[in-house]
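Q: What follows is a structure written as structure tokens; I'll ask about it next.
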Amino acid sequence: MAGGEKHGPLSSSIFSFLILFVLYPSVAIAADKKPSGTPVTFIPPDSYLLDCGAPKTIQLSDGRTFRSEPQSSSFLSTEEDIRIADNSSVSSFGPLYHTARVFSDSSSYSFFISKLGRHWVRLHFFPFSSSIYNLSAAIFSVTTEDFVLLHDFSVPSTSAPTIKEYLINTDNERLYITFKPKKGSFAFLNALEVVSAPENLISISATGIRPQSTFQFSGLNNYALETITRINVGGPAIPPENDTLSRQWQPDSFIMPPTAVEMVSVSPNSIKYPDDGSVTPFIAPRAVYATADSMTNANVSQQMYNVTWEIPTSSDYSYLVRLHFCDIVSRSLNTLYFNVFINRILAIPNLDLSSLTGGYLAMAYYKDFVVGGGTLLAGNLSLQISPPVSNDAGLPNAILNGIEVMRMSNSAGSLDGPYAVDGSYHGGGAAEGTRGKVVAIVGLLMGIAALGLVALIFYRWRRRPADWGKKKSFSSWLLPVHVNHPGKPEFMKNCGGKGNSASSSKNGRFGSHKSRNGYSGFLATGALGLGRYFTLAELQQATGYFDEKNVIGVGGFGKVYIGELEDGTKLAVKRGNPSSDQGINEFHTEIEMLSKLRHRHLVSLIGCCDENKEMILVYEFMENGPLRDHLYGSSPGSGHRSPLSWKQRLEICIGAARGLHYLHTGASQGIIHRDVKTTNILLDENLVAKMADFGLSKAAPSLDQTHVSTAVKGSFGYLDPEYFRRQQLTEKSDVYSFGVVLFEVLCARPAISPTLPRDQVNLAEWAMQWHRKGQLEKIIDPHLVGTIAPASLKKFVEAAEKCLADSGVDRPPMGDVLWNLEYALQLQDVWVGQDNDDDDPADIGTAGGIPIRSVAADTEDKELDGGPDVSQSSSAAVPASMFQGR
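If you use mature numbering (1 follows the signal peptide of the UniProt record, and there is no 0), the sequence shown corresponds to residues -30 to -1, 1 to 856, in order.
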């Protein structure tokens, strides 16, 4: 929150309204009209348009009004800037480039943000001639609080203005844009735009190139984007006044060779947009989809003939590439099929626009890709379209309507070099400047430490025990007298071992004093209650020397093997990957968490192994594996699974909810799981559900805190959108993920399925769409048809819907979710046990009323006795007509 006086919800809304519509009126950006003639407009909640140095307000041809210097000076943090007078030689480029502000020292613009999310930031530069300053000599950096936009930037001396356009996801009520001149130089700016972007303009995911997968590393929302190029393929330039969001589209100059294509066009009024809102005029205006490049030699004998675009880029960054398609060349459906390649990698095989647009021609469609810098060819981003090798069903042709390429911020949070906002260096080469000094200082300190170690060894050697010659052991004199090192019995007691494994544990990843990963002495000091200590030989024997045939799971930590001891006890052996930093961190977290937790619905840790640089944890074996395998798909060795009944699914959900409820409220300090999903809900031989994998878990906020600020981690499709946007973790983030699990249990399909049509990719969104239509029964698992009590289904869906509320404060705690699931189970039991003529839960009577057992009982008993009855539910049927049309 920004500083200053706090307002209540009503006064805050009025305050924001006054700022937006009185002091800073927004600009309504009109999109092209739909065929019906209904105008589509976007009114940005935040719209700051500043003409730097201008004496009066100006209005551009597109209707946008740029505020003058007196009106915009309040946004600036310094008064040292200098206004440059009007210059008539630049009049051909418009009034924005008549004047400029010059900064001789670091200066910041500050803007109030009324609606968090992505905002356009456009910087206008034109180094026109001035009697006071040589603007072409300016060297400066531009940053926000989190991202570097420009570093030691010098505006190119071109005959036209330079416009730098960015999309930045803001999560604070203030956006600061800072101009910092290089020492001995200055900065300047002609005009500045800060404007809200539509909420769904950029998705949180995109298809990755090599390997082809859904890009989900932290999500796209965590990256700043810079527009590299925006091309109206096959058409003329589109100026800002003709774009739906004041963007500028340039004509195609990257085609190789230009003679490879012919330009085709139709009337923009013939272009349609999908009714589901997956593509809108804000994605691209009709003018983009109304033109295209088509193959000139489409009927040549070589079917792999292709059209290529080569766009200059840098291998130091990843890129978001958006391709726009619209079939304006076909005369009938299902006659145009073609392949799309990015950097010679097949990105879309056999693209059939007819099937993707619901059976319509001239329907807008686009596809996003994330392209890693390592796949670039000779420093260029290469795009190709070509007919498939075998194309008997259609014409040998291919088209493309538009291209957008946006640079993604790097690990330093920069769009221009390896330096972060704080000046720290994140490059891989040799350091320079202050970094070199740091290296020198560190080297000096290491030298001093080495000399100190030599002196210590010499001192201890002089004071060595008299019987050292007999023992031949350095441990008796080199180590301090009172240190319990890994070879001593005290260390092994922590794992329940016998204390005779000094030689094996001294090289371990947990107890070794030489561990390069920060685990020195960790088990010896922090892993009380870990249970039995296993030798590496025991676990090798139990797992067939870690035979790949025994792998039952794989994660960032490494692999999980099924093992069996000599007495027949089965184990789940999690073996860490020595080269995985993620695995090391997850192991560290899991040890800390599991040493504190004991509950019937949490997977139990049996013991550990710390030997020969291995880091291994041993868990109880869950006979029936992850819940996901019983709904769809399978894990290695899982085999065929019989479909679960509705009662079994309810009992499994209840068990998982009890485990999560205990985590949130039953431990000494609440714990947030942070990776709730069906693969982390494991089932034992009786189908009792237990939560597993605490590698990403976090301690819940204390009483005087509302959230935990942390980087976004978890699994795409289950991530709480509020946590994703604000990076503020609460127990309600687990609640959201559990809501996705509930729909996954009901519909028996993955949380994310990229191969499905756009409106079906995200399970939570898809299920909520059907629920709002009152037709959710049409998409449930066909195996459940005719077996669910309508009242039970209603209560179950009600619980899932509440879990998926956009705001965390509107979601129920896990205790309430658990109560509703138990109620849904009672409603199902009552329905099965009576005549199914009356489905109204109000008529069920006291037997279907509020569950008697208190939810709090689960948190008071850390170890619960007994378990749910997991027998099959009755197959008494709801009329099958209710469930038609999955």
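C-beta atoms are modelled at their ideal positions from N, C-alpha and C, and glycine is treated no differently.
Taking buried to mean at least 16 other C-beta atoms within 10 Å of its own C-beta, is I418 buried or exposed?
A: Within the sequence shown, the letter at position 448 stands for residue 418. Flag for I418 reads exposed.
Q: Indicate whether A262 and G204 have their beta-carbon atoms separated by less than 8 Å.
A: Working through the sequence shown from its first residue, we reach residue 262 at position 292. Working through the sequence shown from its first residue, we reach residue 204 at position 234. Result yes, Cβ atoms of A262 and G204 sit closer than 8 Å.
Q: Output the boundary residues of the alpha helix (DSSP H) element that contains A348.
A: The sequence position of residue 348 within the sequence shown is 378, counting from 1. Note, A348: premise wrong, no alpha helix (DSSP H); not H, not E.
Q: Buried or exposed for Y515, going by 16 or more other Cβ atoms inside 10 Å?
A: For the purposes of this step, residue 515 is identified with residue 545 of the sequence shown, where counting begins at 1. When all chains shown are included, Y515 counts as exposed.
Q: Whole angstroms are fine: how far does the CA of L159 sit from the CA of R301?
A: Taking the first residue of the sequence shown as 1, we reach residue 301 at position 331. Taking the first residue of the sequence shown as 1, we reach residue 159 at position 189. Whole-angstrom Cα-Cα distance: 50 Å.
Q: What is the rounded straight-line gap between the Cα of I138 and the Cα of T505?
A: Counting from one through the sequence shown, the residue named residue 138 turns up at place 168. Counting from one through the sequence shown, the residue named residue 505 turns up at place 535. Using only the alpha carbons, I get a separation of about 52 Å.
Q: What residue range does the beta strand (DSSP E) around Y79 cover?
A: Residue numbering aside, residue 79 sits at position 109 when the sequence shown is read from its first letter. Run containing Y79: 77 to 82, per the beta strand (DSSP E) assignment.
Q: I think V658 touches M784, with their Cβ atoms under 8 Å apart; what is that distance to the nearest whole Å?
A: The residue you call residue 658 lines up with position 688 of the sequence shown. The residue you call residue 784 lines up with position 814 of the sequence shown. Contact doesn't hold; Cβ gap of about 18 Å is too wide.
Q: So, for F45: in the same chain, excluding its five sequence neighbours on each side, which residues have a beta-carbon less than 8 Å away from its beta-carbon?
A: Residue mapping note: residue 45 aligns to position 75 of the sequence shown, counting from 1. Excluding sequence neighbours, F45 sits near Y18, L20, Y79, S80, F81.
Q: Expressed to the nearest angstrom, what Euclidean distance is found between the alpha-carbon atoms of Y489 and C579?
A: To locate residue 489, count along the sequence shown from 1; it is residue 519. To locate residue 579, count along the sequence shown from 1; it is residue 609. Only weak support is given to the placement of Y489: the predicted model assigns it a pLDDT of 37, under 50, and the question is left unresolved by the model.
Q: What does the alpha-carbon distance come out to for the pair D286 and G343?
A: Position 316 of the sequence shown, counting from 1, holds the residue named residue 286. Position 373 of the sequence shown, counting from 1, holds the residue named residue 343. Taking the straight line joining both Cα atoms gives about 6 Å.
Q: Three-state secondary structure (DSSP) at I28?
A: For the purposes of this step, residue 28 is taken as the residue at position 58 of the sequence shown. Strand, per DSSP.
Q: Between the alpha carbons of I576 and Y146, how many angstroms are there, rounded?
A: As a position in the sequence shown, residue 576 is number 606, starting the count at 1. As a position in the sequence shown, residue 146 is number 176, starting the count at 1. In a straight line, the C-alpha of I576 is about 52 Å away from that of Y146.
Q: Taking the beta strand (DSSP E) that H294 falls in, what are its first and last residues?
A: Position 324 of the sequence shown, counting from 1, holds the residue named residue 294. It spans 289 to 295 - the beta strand (DSSP E) in which H294 sits, taken as one unbroken run.
Q: Alpha carbons only, please: which of A420, R502, T69, T113 is nearest the one belonging to S101?
A: Taking the sequence shown and counting its residues from 1, the one referred to as residue 101 is at position 131. Of the candidates A420, R502, T69, T113, the one whose C-alpha sits nearest the C-alpha of S101 is T69.
Q: What are the partner residues of A659, as DSSP defines its beta bridges?
A: Mapped onto the sequence shown, residue 659 falls at position 689. According to DSSP, A659 bridges with L653.
Q: Given S707, which residues of its chain have a CB within under 6 Å of its CB, disregarding the five upstream and five downstream residues?
A: Working through the sequence shown from its first residue, we reach residue 707 at position 737. Here the set comprises V646, Y688.
Q: Would DSSP call P227 helix, strand or coil?
A: Position 257 of the sequence shown, counted from the first residue, corresponds to residue 227. Residue state, collapsed to three classes: coil.
Q: Contact check, L774 vs A734 under 8 Å by CB: the rounded distance?
A: By one-based count along the sequence shown, residue 774 stands at place 804. By one-based count along the sequence shown, residue 734 stands at place 764. So it is a contact: roughly 6 Å between Cβ atoms.
Q: Beta-carbon separation of Q798 and L620 under 8 Å?
A: Taking the sequence shown and counting its residues from 1, the one referred to as residue 798 is at position 828. Taking the sequence shown and counting its residues from 1, the one referred to as residue 620 is at position 650. Taking 8 Å as the Cβ cut-off, Q798 and L620 qualify as a contacting pair.
Q: Take E199 and list the residues in its own chain whose beta-carbon comes closer than 8 Å to its own, dropping the five residues that flank it on each side.
A: As a first step, residue 199 is located in the sequence shown; it is residue number 229 there, counting from the start. The displayed chain sequence assigns Thr, not Glu, to residue 199. Q220, F224, I281, I373, E374, V375.
Q: Who does H89 pair with in a DSSP beta bridge?
A: Locating residue 89 in the sequence shown gives position 119, where the first residue counts as 1. Answer is I138, S166, bridged to H89.
Q: Could you check where the alpha helix (DSSP H) with residue 914 kicks off and where it finishes?
A: The structure shown does not extend to residue 914, since the chain is modelled only from -30 to 856, so the question has no answer here.
Q: With H, G and I counted as helix, E and B as strand and the rest as coil, what does DSSP make of R34?
A: Within the sequence shown, the letter at position 64 stands for residue 34. Three-state result, R34: coil.
Q: Span of the alpha helix (DSSP H) holding F45?
A: Start at 1 with the first residue of the sequence shown, and residue 45 comes out as number 75. Careful: F45 lies outside any alpha helix (DSSP H) and carries neither H nor E.
Q: Counting pairs of beta carbons, one from the stretch 148 to 159 and one from the stretch 31 to 39, are three or more of them closer than 8 Å?
A: Not touching, per the Cβ criterion.
Q: Within its chain, find whatever has a CB closer than 6 Å to the CB of N520; leave out the 5 residues flanking it on each side and keep chain order.
A: Walking along the sequence shown from the start, residue 520 turns up at place 550. These residues qualify, in order along the chain: T513, G514, Y531, I532.
Q: Quick one: using the 10 Å Cβ neighbour count with 16 as the cut-off for buried, is V779 buried or exposed?
A: As a first step, residue 779 is located in the sequence shown; it is residue number 809 there, counting from the start. V779 should be labelled exposed.
Q: Give me, in chain order, the residues of the same chain whose beta-carbon lies closer than 6 Å to that of E402; leave out the 5 immediate sequence neighbours on both sides.
A: Mapped onto the sequence shown, residue 402 falls at position 432. Summary for E402: the model assigns pLDDT 41, below 50, so the residue's position carries little reliability; its value from the coordinates is reported in the next sentence. Result list for E402: empty, nothing under 6 Å.
Q: So D322 and N309 are supposed to be a Cβ contact under 8 Å. How far apart are they, rounded?
A: Indexing the sequence shown from 1 puts residue 322 at position 352. Indexing the sequence shown from 1 puts residue 309 at position 339. That belief does not hold up - the Cβ atoms of D322 and N309 are roughly 11 Å apart, past 8 Å.
Q: Quick check on this structure: which residue in V277, I172, E771, H600 has the alpha carbon closest to the alpha carbon of V291?
A: Translated into the one-based positions of the sequence shown, residue 291 becomes position 321. Among V277, I172, E771, H600, the Cα nearest to that of V291 belongs to I172.
Q: So, under 8 Å CB-CB, S379 and Y193 are touching, yes? Tell me the CB distance rounded to an integer number of Å.
A: If you number the sequence shown from 1, residue 379 lands on position 409. If you number the sequence shown from 1, residue 193 lands on position 223. 5 Å between Cβ atoms; contact.
Q: Straight-line CA distance for L535 to E508?
A: As a working note, residue 535 is residue 565 in the sequence shown. As a working note, residue 508 is residue 538 in the sequence shown. Their Cα atoms are separated by approximately 8 Å.
Q: Is L105 buried or exposed, if buried means 16 or more other CB atoms sit within 10 Å of its CB?
A: Taking the sequence shown and counting its residues from 1, the one referred to as residue 105 is at position 135. Buried: at least 16 other Cβ atoms inside 10 Å.
Q: Would D246 be called buried (16 or more neighbouring beta carbons within 10 Å of its own) or exposed?
A: Start at 1 with the first residue of the sequence shown, and residue 246 comes out as number 276. D246 should be labelled exposed.
Q: Going straight from the alpha carbon of R742 to that of L346, what length do you get?
A: Position 772 of the sequence shown, counting from 1, holds the residue named residue 742. Position 376 of the sequence shown, counting from 1, holds the residue named residue 346. Their Cα atoms are separated by approximately 44 Å.
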